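Chains A and B, in that order, give the protein sequences.
For the first sequence, the working numbering begins at 53 and goes up steadily by one.
For the second sequence, the working numbering begins at 20 and goes up steadily by one.
C-beta atoms are modelled at their ideal positions from N, C-alpha and C, and glycine is treated no differently.
All values reported here derive from a predicted model rather than from experimental measurement.
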Amino acid sequence: MRKLKNNIMTVVLASALIICIIPLFLVIGHLIKNGLSSISLNFFVNNPKPFGEEGGGMLNAMVGSLMTVGLAGLIGIPFGLMAGIFLVEYRHHRFAGFIRLLTEVMQGLPSIVVGIVAYAAIVLNMGHFSAFAGGIALAIMMFPIVTRSTEEVLLLVPLTLKEASLALGAPRWRTTFTIMVRTALGGIVGGILSSIARVAGETAPLLFTAFGNRFFSTNFMKPVSTMTLQIYDYARTPYASLHQQAWAAALVLVFFVFINSLLAKFLAKRLSGRR
Amino acid sequence: MKKNFSIDHLYLSILYFFGFSILLLTFIVFYELLSSSTLSIKTFSWSFLLRNKWDPIREIYSSLPFIIGTISTSFLAVGISSFLSIGSALFLTEYLKGQFSSFLSSLIDILAAIPSVVYGLWGLFVLVPFIRNIQTFLFRYLGFIPIFNSQPYGFGIMSAMVILSIMILPYAIAMIRSVIEMVPSDLKEAAYALGATKWDVMRQVVLPYVRSGIFAGIGLSLGRALGETMAVTMVIGNRNDIPRTLFDPANTLASVIANEFNEASSSLHMASLVYLALILFIITFLVNLAMRSILKRYSLEKRR
């Protein structure tokens, strides 16, 4: 009887896993089926054509994504890194636990709320939408993610390494940057890469900040489009050719995320092996 | 030596600044939401929470339709995904071993990173037509049941619920897996030595040991579902009324903001949308805070 129950439950649990994986494969399958046919050189080197006309590409959106994510990294990464180091250095500080908890909670901040905040803080003050505001919004999302991943990796560095360095008379900042950070570099970079992948896929924080733009622009003070905004816009138009482009953009985006996480895993393995 | 000391001093105070900047950020978020919604808070005060009307033309705003939309879609999604994710996490960690298990886990991790708008695109063009067929069927044969008794549009609560449960699955599995991995193996081995079957061990050792951790993992995925914007906006149908059936189009707090903010017709309209964002912020903040506090116990155990 117990044996039978055991076997039944094994089947039940296995089918739970299978049910979980099916829709995820469906998503990937449809992405590849619909996206692959629309990806051509055109897609990467051209800007959008006027509505209703065939052809055109997403160069403007790719550049816009690069700008907003780049600016986010420029701000989010140093803040995240230093805050992560803070959590490790002040592990026993009475506020460390509170700061850590707050960081984790802010990781769950809904992206649409970030968009509203960036709109109120920047767009309203500047008077217009801009790539700059979009970058700041993404930086707000990136900051807690990098903080937590940095902290987690740094905690894995053996304490003996740190103590040896301090015992040799090295000051704390040097110990941190030349011993701790260097040892954990692979994991830290991996964490940064996955935070980049995460914010590159965000749409909601950009709706009211970067706003979208059908024309090519590299001006940080002007609105820009991003891959995600373009997918959202195109999906809501009635044109089949634009739907195709949305699928293509989604495929490119998911491919980017995939490569990013492979790279993160590879780096974490490779660099952490080198002491 | 003396010089090093002062640099160290500087270094530590710089760290202090960065460490506390997350606190500053939290305050900024709260302050910006509060100050931009003041107009609406003053106009409607508490009635904003409980009245059932969102009418931009007559300038009457309240949050009840969206709170109900948010809570119903999120809880339904979590209800569907919780059993599936617990089952999958158990199977991945305890039943499958070695390469295959880690391959599936990293696959699921990657799927957790698929952008929301991509799920939305899939939902719009693949899921909604599919759901519409199911709804037509349900309406025809089970239409006498109140929750199935309305026009089968496809867009609505049901599609939002399905897309949300698909989206939170990988996240919930990852959270639950990380707590299940913390069950000490000597406990499990002791049970096996007493002649327990695998399921006995799961049921009587593993699950009781991590019960609160699993609860927190599912709670965190609820937090995700509550604030999820793009995918929901694209499939929920965007109607500003309280949904009566499972098929009704509706709106969540996040989706109505995404939908109307850029076209807000007046400053009161905009302030009311920010008020919705403030409500969403407070709800998700509290949910995340509670769940993270529960999970803290597990991470402390891990650090040791």
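Same chain only: Cβ atoms within 7 Å of residue i, ignoring 5 sequence neighbours per side
i                 : result
Leu88 of chain A  : Leu303
Arg327 of chain A : Note that Arg327 of chain A has pLDDT 44, beneath the 50 cutoff, so the model's placement of it is unreliable and the number below is only indicative. Answer for Arg327 of chain A: Thr235, listed in chain order.
Ile237 of chain B : Val97, Ser101, Ala191
Pro268 of chain B : Tyr172, Phe174, Gly175, Ile255, Gly256, Asn257, Arg258
Ser285 of chain B : Glu78
Ser93 of chain B  : Leu183, Leu241, Ala244, Leu245
Ser163 of chain A : Met193, Glu254, Ala256, Pro257
Ile195 of chain B : Ser104, Ile105, Ala108, Ile233, Gly236
Gly142 of chain B : Ser178, Ile182, Ala250, Met253, Val254
Val205 of chain A : Ala236, Gly239, Ile240, Gly243
Opposing strand residues paired with residue i [DSSP bridges]
i                 : result
Val79 of chain B  : According to the sequence shown, residue 79 of chain B is Ile rather than Val. Its beta-bridge partners are B:Asp74.
Val276 of chain A : A:Phe263
Ala320 of chain A : None, per the DSSP bridge assignment.
Pro100 of chain A : A:Gly108
Ala222 of chain A : DSSP lists no partner for Ala222 of chain A.
Gly256 of chain B : B:Ala269
Assigned exposure category for residue i - 16 Cβ within 10 Å defines buried
i                 : result
Leu109 of chain B : buried
Trp65 of chain B  : exposed
His295 of chain A : buried
Lys321 of chain A : exposed
Arg224 of chain A : buried
Phe150 of chain A : exposed
Leu43 of chain B  : exposed
Phe263 of chain A : buried
Phe195 of chain A : buried
Gln118 of chain B : exposed
Glu203 of chain A : buried
Ala179 of chain B : buried
Ser104 of chain B : buried
Gly81 of chain A  : exposed
Ile208 of chain A : According to the sequence shown, residue 208 of chain A is Leu rather than Ile. By the 10 Å Cβ count, Leu208 of chain A comes out exposed.
Phe229 of chain A : exposed
His288 of chain B : buried
Gly239 of chain A : buried
Ile152 of chain A : One detail in the question is off: residue 152 of chain A reads as Arg in this sequence, not Ile. Per the 10 Å Cβ criterion, buried.
Pro165 of chain B : exposed
Tyr30 of chain B  : buried
Glu247 of chain B : buried
Ala131 of chain B : buried
Pro189 of chain B : buried
Neighbourhood of residue i by C-beta, 6 Å cutoff - its chain only, sequence neighbours within 5 removed
i                 : result
Asn307 of chain B : Gly242
Gly162 of chain B : Asn168
Tyr142 of chain A : Ala148
Met20 of chain B  : In this prediction, Met20 of chain B has a pLDDT of 47, which is less than 50 and means its spatial position is unreliable; what the coordinates show is noted afterwards. Here the set comprises nothing.
Leu218 of chain A : Thr227
Ser293 of chain A : Glu106
Thr199 of chain A : Gly132, Ala135, Gly136, Thr155
Own chain residues within Cβ distance below 8 Å of residue i, not counting five before or after
i                 : result
Arg322 of chain B : At Arg322 of chain B the pLDDT is 46, less than 50, meaning the model places this residue with poor confidence and gives no usable figure here.
Asn94 of chain A  : Gly107, Gly108, Gly109
Leu111 of chain A : Phe96, Val97, Asn98, Asn99, Phe268
Val175 of chain A : Phe181, Ser182, Ala185, Phe260, Thr261
Pro275 of chain A : His180, Phe181, Ser182, Ala183, Ala262, Phe263, Gly264, Asn265, Ser269
Ser59 of chain B  : Phe67, Tyr80, Leu287, Ala290, Ser291, Val293, Tyr294
Ile74 of chain A  : none
*Are three or more beta carbon pairs between the segment 242 to 256 of chain A and the segment 127 to 140 of chain B nearer than 8 Å?*
The segment 242 to 256 of chain A is in contact with the segment 127 to 140 of chain B.
_I want to know whether the segment 271 to 286 of chain A touches the segment 167 to 178 of chain B - three or more CB-CB distances under 8 Å._
no
*Would you call the segment 181 to 192 of chain A and the segment 162 to 171 of chain A touching, i.e. three or more CB-CB distances under 8 Å?*
yes
*Would the segment 284 to 302 of chain B and the segment 266 to 275 of chain B be scored as touching if the rule is three or more Cβ pairs under 8 Å?*
yes
*Please go through the segment 135 to 220 of chain B and give each complete alpha helix (DSSP H) segment of 4 or more residues, from N-terminal end onward.*
135 to 141, 147 to 161, 176 to 199, 204 to 212, 217 to 220
_Three CB pairs or more closer than 8 Å across the segment 278 to 298 of chain B and the segment 193 to 205 of chain B_ = no
*Given 8 Å as the limit, is there contact between the segment 116 to 124 of chain A and the segment 99 to 108 of chain A, that is, 3 or more CB pairs closer than that?*
Taking a contact to require three or more Cβ pairs closer than 8 Å, the segment 116 to 124 of chain A and the segment 99 to 108 of chain A do not qualify as touching.
*Three or more beta-carbon pairs under 8 Å between the segment 99 to 114 of chain B and the segment 213 to 222 of chain B, yes or no?*
With the cut-off at 8 Å, the segment 99 to 114 of chain B and the segment 213 to 222 of chain B touch.
*asked:* Output needed in chain order: residues of the segment 71 to 91 of chain B with a Cβ under 9 Å from some Cβ in chain C.
replied: The question asks about chain C, but that chain is absent: this structure's protein chains are A and B.
*Three or more C-beta pairs below 8 Å linking the segment 305 to 313 of chain A and the segment 240 to 248 of chain A*: yes
*Quick check: the segment 285 to 296 of chain B against the segment 41 to 58 of chain B, are there 3 or more CB pairs under 8 Å?*
yes
_Please give the ranges of any alpha helix (DSSP H) in the segment 56 to 134 of chain B, keeping only runs that are unbroken, at least 4 residues long and fully inside the region._
66 to 69, 83 to 109, 117 to 131
_Across the segment 30 to 43 of chain B and the segment 125 to 141 of chain A, are there enough close Cβ pairs to call them in contact, namely three or more that are closer than 8 Å?_
yes
*Sequence ranges, alpha helix (DSSP H) only - wholly within the segment 225 to 256 of chain A, length at least 4*: 237 to 252
_Residue ranges of each alpha helix (DSSP H) within the segment 161 to 187 of chain A, 4 or longer_ = 163 to 170
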